[in-house]
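Chemist:
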Amino acid sequence: MIAVQSEESAVKQRISKPIVRHWSLLAAVLLPLLLSLIFSYFAARNQLSHHMSSIGESLMNHSEQISDRAAAMLNRLQPFSAQPCNRVLIDIQRISNLNAYFRSIGLFEHHEILCSSAYGSLVRPLNSLVPDWFSLQAGQVSALSIAGTYGVPNRPAILFVQRNQDGSGSYVIIDGQYLLDFMNAVGRHQNDVFSLQVGDGYAIRNSQLAPDNTLLWHNFHLTLHSARYPITLSVDASASEFIRIWLQLLLTFLSLGIILALIFILLANNWLQRRHSFRDEMRRAIARDEFFVVYQPVYSNQTGTASGMEALLRWQRPNGEWVNPDMFIAAAEAEQMIIPLTRHLLSLIIRDSAGWQVPDGFHLALNVAAEHLQDESFLDDIRRFARHMALHTRQLKILLELTERSLIGDPQAVIGKLNELRREGFYVAIDDFGTGHCTLSYLQTFPLDYLKIDKGFVAAIEDIEGETPVLDTIIQLSHKLALQAVAEGVETPIQLHYLQQRNVAYIQGYLYAHPMRSDALMRWLKNPPTFPPDSKTPG
Ligand code: C2E
Ligand code: CA
Ligand code: CA
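The sequence shown: position 301 = 314 (our numbering), numbered continuously.
(1) Considering only their Cβ atoms, is the gap separating isoleucine 126 from arginine 116 smaller than 8 Å?
(2) Any heavy atom of ligand 2 closer than 7 Å to the CB of aspartate 444?
(3) Per DSSP, methionine 322 is paired with what?
(4) Can you tell me which of the three DSSP states histidine 238 falls into?
(5) Whose C-alpha, out of Pro353, Ile411 and Ser360, is nearest the C-alpha of serine 390?
(6) Mind pulling the beta strand (DSSP E) runs of 3 or more residues that sit fully within the region 418-506?
(7) Judging by CA-CA distance, which residue of Ala319, Val165, Gln349 and Ile299 is the nearest neighbour of proline 331?
(8) Looking at the unbroken beta strand (DSSP E) that takes in tyrosine 184, where does it start and where does it end?
(9) Taking DSSP as the reference, what is the three-state secondary structure of glycine 133?
(10) Going by beta carbon distance, what residues of the same chain come within less than 7 Å of glutamine 329, once the five residues before and after it are set aside?
(11) Below 8 Å on the Cβ atoms is my guess for isoleucine 258 versus alanine 57; work out the distance and round it to an integer in Å.
(12) Counting pairs of Cβ atoms below 8 Å between the region 400-420 and the region 374-385, do you hit three or more?
(13) Does DSSP put serine 208 in a helix, a strand or coil?
(14) If you follow the alpha helix (DSSP H) that leucine 358 is part of, which residue opens it and which one closes it?
(15) So is the beta-carbon of tyrosine 523 under 7 Å away from any non-hydrogen atom of ligand 1?
(16) Do you know whose CA, among Gln387, Ser239, Phe93 and Arg107, lies nearest glutamine 78's CA?
(17) May I ask whether a heavy atom of ligand 2 can be found less than 7 Å away from the beta carbon of lysine 468?
(18) Evaluate leucine 209 with the Cβ neighbour count: other Cβ atoms within 10 Å of its Cβ, from every protein chain shown; 16 or more gives buried, anything less gives exposed.
(19) Using the beta-carbon count (16 or more within 10 Å), is histidine 35 buried or exposed?
(20) So leucine 142 and leucine 102 are in contact, right, with Cβ under 8 Å, and what is the actual spacing, rounded?
(21) Tell me whether the beta-carbon of phenylalanine 52 lies closer than 8 Å to the beta-carbon of phenylalanine 277.
(22) With H, G and I counted as helix, E and B as strand and the rest as coil, what does DSSP make of leucine 229?
(23) On the DSSP letters alone, give me the boundaries of the alpha helix (DSSP H) that phenylalanine 291 sits inside.
(24) Let's see if you can read the secondary structure: which residues bound the beta strand (DSSP E) around glutamine 175?
(25) Beta carbon of asparagine 380: closer than 7 Å to some heavy atom of ligand 2?
(26) Quick one: Cα of phenylalanine 439 to Cα of leucine 431, how far?
(27) Does the beta-carbon of asparagine 110 have 16 or more other beta-carbons within 10 angstroms, so that it is buried, or is it exposed?
(28) When you compare only the Cα positions, how much space is there between glutamine 553 and glycine 317?
(29) Hey, quick one: how far does the alpha helix (DSSP H) through glutamate 384 stretch, first residue to last?
(30) Under 8 Å by Cβ, that's how I've got leucine 72 and leucine 269 pegged, so tell me the actual separation to the nearest angstrom.
(31) Would you say aspartate 444 and lysine 465 are within 8 Å of each other, going by their C-beta atoms?
(32) Just to confirm, are isoleucine 488 and arginine 515 a CB contact at a threshold of 8 Å?
(33) Quick check: does the Cβ of glutamate 323 come within less than 7 Å of any heavy atom belonging to ligand 2?
(34) Among the candidates Thr162, Ala324 and Val185, whose CA atom is the shortest distance from the CA of arginine 82?
(35) Helix, strand or coil for tryptophan 36? Go by DSSP, reduced to three states.
This is the structure we're talking about:
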């Protein structure tokens, strides 16, 4: 028997297992954490800008409402202008006291304040309120934010003035404290900095501190303009405020992330275990002799007899359940088990071949996986197999079936191996032809003997005159490349006839023979059925 697993590939597997496990588990932990970080970052940005525009808009609304009151008050004062102060003072003081927001209201003429709710008839220059009062447009309401007023120099205010054509006019001073209180109320928790400016005036701010600029990302800044008054409002949130929101959201996302991470770890672990256990299962199945080989005869149109057979692996579990070859071959390829499995197949064929008697020139076809062909153990494995086979069945030709996938990778190395093997008497077939991606010119560079047409193309033959352009092209191609064509999956007399008409040299399929176990095959070979079954093939 051939050793099931070489020392070297066993070592490779021992190393790769923990590495795959560590990387999968690391990814299962890091991925949710990374996602939590990214999602919470964008959610925090979103939350902060939403918060800024909502408080910005409410402060702007408030400022506009106060301005509306000031404008209404100026209108109310219009009838008093140009009247002596002592006649109207009581009314002016009463109106002022009854209305919130106003620090003082009053009347002026030319460049002097003649009457004020705060200072009565004390005459003061108008420029103690408005530095460039002379630029005030007659008939229009002008507004300006100022740092302070005559009596309250350290508290900002907003001044509204209306001047008539005759030089008389009225003014209203809104106390900036109302706005500052509002700013402090809405921005207190978030350390937001507001700055409100009316006209080109003084910027009313709730904090003289600029938001911290030390961090990598710039501050969050928003500017709003009123459509009705010359009010400009800017809102600044600090980077530290952003980080506070981000951390808060991160905690929420993180707890979700941790749950996700746990699920990922469970899934990754489960997947690794299943991979692991599938490999173990295959090793156990090899040890328990659950695999066996069936052989499917191939018919030669030239000799009218069986010219060879293809070895196909089968797996039946002890409970009687069959494992599909397509499935376990693909899994063995994915789990780096195909080389040990092929070596097992070879040992099973050697075991089967003890009692074989086959005609001269009979060929045995083996399916070779790409990974095995490209492995350095391949030549030794095949040569050792051939030496064992020669002990019983000297006249047997060995044919290696390679898929197009095997040829891609390191073509020069593959060409070298195939040349060596062909010199030693082996034959090479390209299997499942037409399902891979090899071009004609690429195929020409490989030393091949046979071309196996995949059963998918054969299944497309419906009647003898029907159009099967792809199949026809493949057949022509095999002729051009001077390769003997083998059609697999031939199930109907129509398909057989079609292929024979186009000079396809070999036929394999249920119509001729099903794959069978070694002893059944030997009985079948001694007494082969007439073929084609019905010599009057339709057509
Ligand atoms: P493949 O190399 O194309 O093998 C031909 C497949 O067609 C076999 O399926 C065979 O049983 C099936 N077949 C034969 N005649 C007919 C027919 O008339 N009609 C239909 N519908 N099917 C037919 P199987 O045995 O299930 O194997 C499937 C695939 O698994 C094979 O395709 C081959 O790629 C792979 N495989 C099987 N045994 C081995 C092995 O020992 N080593 C490797 N590397 N691959 C193998
Ligand atoms: Ca095959
Ligand atoms: Ca096939």
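Beta carbons: idealized from backbone N, C-alpha and C, even for Gly.
None of the values given here were measured: they were computed from a predicted structure.
Modeler: So, from the data block:
(1) At least 8 Å separates the beta-carbon of arginine 116 from that of isoleucine 126.
(2) True, at least one ligand heavy atom lies under 7 Å from that Cβ.
(3) According to DSSP, which records beta bridges pairwise, methionine 322 is partnered with Pro310 and Leu377.
(4) Histidine 238 falls in the strand class under three-state DSSP.
(5) Of Pro353, Ile411 and Ser360, the residue nearest in Cα terms is Pro353.
(6) Runs of the beta strand (DSSP E) inside the region 418-506: 440-446, 463-466 and 497-500.
(7) Checked all of Ala319, Val165, Gln349 and Ile299; the closest Cα to proline 331 is Ile299.
(8) Here the beta strand (DSSP E) through tyrosine 184 covers 181-188.
(9) In the structure shown, glycine 133 falls within a strand segment according to DSSP collapsed to helix, strand and coil.
(10) Closer than 7 Å at the Cβ level, and outside the excluded window around glutamine 329, lie Glu303 and Trp335.
(11) Sure, about 5 Å apart at Cβ, within 8 Å.
(12) The region 400-420 is in contact with the region 374-385.
(13) Judged by DSSP in its simplified three-state form, serine 208 adopts strand.
(14) Run containing leucine 358: 351-365, per the alpha helix (DSSP H) assignment.
(15) Yes; taking the cut-off as 7 Å, the Cβ of tyrosine 523 has a heavy atom of ligand 1 nearer than that.
(16) With distances taken between Cα atoms, glutamine 78 lies closest to Ser239.
(17) Result no, Cβ not under 7 Å from ligand 2.
(18) Answer is buried; the Cβ neighbour count reaches 16.
(19) Exposed, since its Cβ has fewer than 16 Cβ neighbours within 10 Å.
(20) Actually they do not touch by this definition, with Cβ atoms about 18 Å apart.
(21) No; because the gap between Cβ atoms is not below 8 Å, this pair is not in contact.
(22) Any reading at leucine 229 must be qualified, since the residue scores a pLDDT of 48, below 50, and its modelled position is unreliable; no value is offered.
(23) Phenylalanine 291 -> alpha helix (DSSP H) spans 252-300.
(24) According to the DSSP assignment, glutamine 175 belongs to the beta strand (DSSP E) that extends over 170-176.
(25) Yes, the Cβ of asparagine 380 comes within 7 Å of a heavy atom of ligand 2.
(26) Pairing phenylalanine 439 with leucine 431, the inter-Cα distance amounts to about 9 Å.
(27) Asparagine 110 comes out exposed.
(28) There is no way to answer for residue 553, as the model of the chain reaches only from 14 to 552.
(29) Residues 383-387.
(30) Leucine 269 and leucine 72 do not touch by the CB rule: their CB atoms are close to 35 Å apart, not below 8 Å.
(31) The answer is yes: Cβ separation under 8 Å.
(32) Against a cut-off of 8 Å, the Cβ pair of arginine 515 and isoleucine 488 comes out as a contact.
(33) In this structure, the C-beta of glutamate 323 approaches ligand 2 to less than 7 Å from one of its heavy atoms.
(34) For the residues Thr162, Ala324 and Val185, the minimum Cα distance to arginine 82 belongs to Val185.
(35) Three-state DSSP puts tryptophan 36 in a helix.
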